[in-house]
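K.L.:
Residue numbering for the sequence shown follows full-length UniProt numbering, starting at 1 and increasing by one per position.
We put the CB at the ideal spot given by N, CA and C, even for glycine.
Encoded as structure tokens, here's the structure I'll be asking about.
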Amino acid sequence: MPEVTDADFATEVIGAELPVLVEFTADWCPPCRQMAPVLSALAEEEGDRLRVVQLNVDRNPATTNAYKVLSMPTFMVFRGGEPVKSMVGSRPKRRLLEELADVL
Numbered sequence: 001m002p003e004v005t006d007a008d009f010a011t012e013v014i015g016a017e018l019p020v021l022v023e024f025t026a027d028w029c030p031p032c033r034q035m036a037p038v039l040s041a042l043a044e045e046e047g048d049r050l051r052v053v054q055l056n057v058d059r060n061p062a063t064t065n066a067y068k069v070l071s072m073p074t075f076m077v078f079r080g081g082e083p084v085k086s087m088v089g090s091r092p093k094r095r096l097l098e099e100l101a102d103v104l
């Protein structure tokens, strides 16, 4: 899973052509680790319609604070440089796909 940082967030997420699903994650977060295989599968299946990246909240406080992320994992979908959807907490892939249907 590609990781984005405060330094490259504008280029990799805001400037992306495809919608981007950003997982705000932390090394100490068990639900975040549970989501890793779900997000990898999602990235593989939907790669032509959606980019999936991770942002470590501890190493990237500027972006984390800019989007007021308080809980991990938080998922945000960015399209056209703007956040269009936000979801908090781990979920199975089927539910994640259902929740993403309106932004893909």
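Is it buried or exposed, residue 1, if we count other Cβ atoms within 10 angstroms and call 16 or more buried?
P.N.:
Counting Cβ neighbours within 10 Å, residue 1 comes out exposed, since fewer than 16 surround it.
K.L.:
Count the other CB atoms, across all protein chains shown, that sit within 10 Å of the CB of residue 13; report buried if there are 16 or more and exposed otherwise.
P.N.:
Buried: at least 16 other Cβ atoms inside 10 Å.
K.L.:
What residue range does the beta strand (DSSP E) around residue 57 cover?
P.N.:
Note, residue 57: premise wrong, no beta strand (DSSP E); not H, not E.
K.L.:
Select from 81, 83, 69 and 21 the residue whose C-alpha is nearest the C-alpha of residue 39.
P.N.:
Comparing Cα-Cα distances from residue 39 to each of 81, 83, 69 and 21, the minimum goes to 21.
K.L.:
Does the Cβ of residue 75 lie closer than 7 angstroms to at least one heavy atom of the ligand NAP?
P.N.:
The model on display carries no ligand, and the ligand NAP is accordingly not part of it.
K.L.:
How would you call residue 100, buried or exposed, if buried means at least 16 neighbouring beta carbons within 10 angstroms?
P.N.:
Buried: at least 16 other Cβ atoms inside 10 Å.
K.L.:
With residue 25 and residue 55 assumed to form a contact (beta carbons below 8 angstroms), what rounded beta-carbon distance in angstroms separates them?
P.N.:
About 7 angstroms; that satisfies the 8 angstroms criterion.
K.L.:
In chain order, which beta strand (DSSP E) runs of at least 3 residues are fully inside the UniProt domain "Thioredoxin" (1 to 104)?
P.N.:
If we require 3 residues or more, the beta strand (DSSP E) runs fully inside the UniProt domain "Thioredoxin" (1 to 104) come out as 20 to 25, 51 to 56, 74 to 79 and 82 to 88.
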